[in-house]
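Beneath this line is the structure, given in structure tokens, with notes to follow.
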Amino acid sequence: MKYPALLPFTDVLPVLGQFDAIIDVRSESEFALDHIPGAINCPVLDDDERIRVGTTYKQVNAFEAKKVGAALVSRNIARHIEQSWIDKPRDWKPLVYCWRGGNRSGAMAHVLAKIGWPAIQLDGGYKAYRAHVSTELTQPPRLDFRVICGTTGSGKSRLLEVLDAIGAQVLDLEQLAAHRGSVLGNLPGEPQPSQKRFETRVWDKLRHVDPARPVFVESESKKVGNLRVPDAVMEQMRASPCIALTLSRPNRVRLLMEDYHHFCFDPATLNTQLDCLVQLHGRDKIDRWHAMANGGRMPQLVDELLVDHYDPAYVRSIDRNFAQYGAAEALELADIGAADFLAAARFLHPA
């Protein structure tokens, strides 16, 4: 094969894990929005440099813009080689891509190949990769989902974590979305990914699943925070067998106090989130909940939120949205210790 070789994503996908490096040469903001799993960001033009080249193109002409861009690209490629790859052996095999498989990745792949490395350039770039992901999520493989259902605080997420740890197949949508799936579900210090990044994470997880084995998933709504679960994945989940996880209300309060302990130290943030419920519960009740948060009466507040908000919402939605919930397998947790979740996980996924 002559290098740099230009290959479509359909040829690259089966060997994606065999590259020594997947190099995304787009700018840092493009990379942050979404990228191929495992890719590293080595821009040949950063955000400011792209603006500079684009401005020259519009205000002067294409020839002057190409000169400016060529100088910047050359310096950046040299810097990446010196800082990151100068010690790589001759058989080091990188995959290089940009937005459409054009000049940016072409320049990087050309230089790497001239050095002697077997560089591959992705034909069509990220745009071709994104089209593949979109198609796959529109028509995902038929999977044996087992949907873990249960009221807020019953331990669904913890159970998924333990199932994953003992080798079961798990699709943890809340983990992939960086959100706990409720009005109070924002994770402190961890913003949600973009919709495209979330879909990449879902696609990457599903492509490694063995369809002959069960895949455990939580009974999510169509949106996890601000992110939408792909429709075809959601349709499969809602038609799948269910597991009804139960835990006593006092233990649910304890579990939620542990999982949402950050709100105990920041009642102002909690109250801002509670304001989202004014339309459902009225200003008077929200003000009373504010007073509980400000007064440190968190267990009482959590208990009222369960009784007045979360549990009624769950009852209204679960039968309507999950067709097999009426025949769900019952699984009761006695407590919220590690041994309790391990026993439940072993029941669902025997060693």
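Note that the UniProt record's numbering gives residue 327 to position 327 of the sequence shown, counting from 1, and the numbers run on in steps of one.
Idealized CB from N, CA, C, for every residue including glycine.
Model, not experiment: these values are computed from the prediction.
Going by C-alpha distance, which of the options is nearest residue i?
i           : options                           : result
Ile81       : Trp117, Asp340 and Leu159         : Trp117
Lys127      : Gln18, Cys149, Phe31 and Asp311   : Phe31
Ser182      : Ala168, Asp164, Tyr260 and Arg90  : Tyr260
Gly225      : Val302, Ala338, Ser240 and Asn186 : Asn186
Ser134      : Val229, Leu160, Leu184 and Ser248 : Val229
Lys66       : Phe145, Val53, Pro94 and Ile77    : Val53
Leu95       : Leu7, Asp46, Glu161 and Val162    : Leu7
Leu176      : Lys205, Pro299, Ser219 and Val307 : Lys205
Tyr325      : Phe263, Asp231, Leu333 and Ala244 : Ala244
Pro14       : Pro4, Asp172, Ala78 and His208    : His208
Ile36       : Gly125, Ala239, Leu184 and His349 : Gly125
Ala293      : Tyr314, Asp266 and His281         : Asp266
Gly17       : Arg297, Thr138 and Gly38          : Gly38
Ser221      : Lys285, Ser248 and Cys149         : Cys149
Asp340      : Leu171, Leu163, Val12 and Ser219  : Leu163
Lys93       : Asn103, Ile120 and Lys114         : Ile120
Asn76       : Asp46, Cys264 and Leu247          : Asp46
Ser219      : Leu255, Glu174 and Thr138         : Glu174
Val315      : Ala5, Thr152 and Gln279           : Thr152
Lys114      : Pro299, Ala5 and Val253           : Ala5
Leu247      : Arg238, Leu280 and Asp311         : Asp311
residue 405 : Arg238, Ser29, Asn103 and Ala168  : Within the shown structure, residues of the chain are numbered from 1 to 351, placing residue 405 beyond reach of any answer.
What span of residues does the beta strand (DSSP E) with residue i cover, start to end?
i      : result
Pro94  : Pro94 to Tyr97
Pro214 : Pro214 to Glu218
Beta-carbon of residue i versus every beta-carbon of chain D: anything under 7 Å?
i     : result
Asn61 : This model lacks chain D altogether, as it is built from one protein chain only.
In the DSSP assignment, what residue or residues form a beta bridge with residue i?
i      : result
Lys223 : Arg228
Ala244 : Cys149 and Ala330
Ala5   : Ile120
Asp144 : Pro214
Asn76  : Its beta-bridge partners do not exist; DSSP assigns none.
Leu187 : Glu190
His290 : Answer is none; His290 lacks a bridge partner.
Measuring only the C-alpha atoms, how far is residue i from residue j?
i           : j      : result
Glu136      : Trp203 : 7 Å
Gly295      : Cys42  : 50 Å
Val217      : Ile318 : 15 Å
His309      : Glu329 : 25 Å
Ile166      : Met108 : 42 Å
Thr56       : Asp123 : 27 Å
Lys88       : Ser157 : 42 Å
residue 386 : Ser84  : Lying before the first or after the last residue shown, residue 386 is absent from the chain, which here runs from 1 to 351.
Asp20       : Gly155 : 39 Å
Arg26       : Tyr129 : 14 Å
Val302      : Pro214 : 34 Å
Ile40       : Asp24  : 6 Å
Asp275      : Glu304 : 15 Å
Asp335      : Phe322 : 26 Å
Ala343      : Val147 : 18 Å
Glu199      : Leu33  : 11 Å
Asp210      : Asp91  : 32 Å
Arg79       : Val44  : 10 Å
Lys196      : Glu64  : 34 Å
Ala327      : Pro241 : 8 Å
Val233      : Leu72  : 43 Å
Gly101      : Ala131 : 14 Å
Arg297      : Ala313 : 23 Å
Ala70       : Tyr3   : 21 Å
Leu184      : Arg288 : 17 Å
Arg142      : Lys285 : 45 Å
Gly337      : His290 : 30 Å
So residue i is in the alpha helix (DSSP H); what residue range does that whole segment cover?
i      : result
Gln169 : It is not in any alpha helix (DSSP H) - Gln169 instead sits in the beta strand (DSSP E) that spans Gln169 to Leu171.
Cys264 : His261 to Cys264
Arg297 : Note, Arg297: premise wrong, no alpha helix (DSSP H); not H, not E.
Trp203 : Gln195 to Leu206
Val315 : Asp311 to Asn321
Gln83  : That residue, Gln83, is in no alpha helix (DSSP H); it is neither H nor E in DSSP.
His110 : Asn103 to Ile115
His281 : Val278 to His281
Val133 : Gly125 to Thr138
Lys156 : Lys156 to Ala165
Arg346 : Ala338 to Leu348
Leu270 : Pro267 to Leu274
Any heavy atom of the ligand MN closer than 6 Å to the Cβ of residue i?
i      : result
Val162 : Because no ligand of any kind appears in the structure shown, any question about the ligand MN cannot be addressed here.
List, from N- to C-terminal side, the alpha helix (DSSP H) runs of 4 residues or more that fit wholly inside the region 15 to 63. 28 to 33 and 47 to 59
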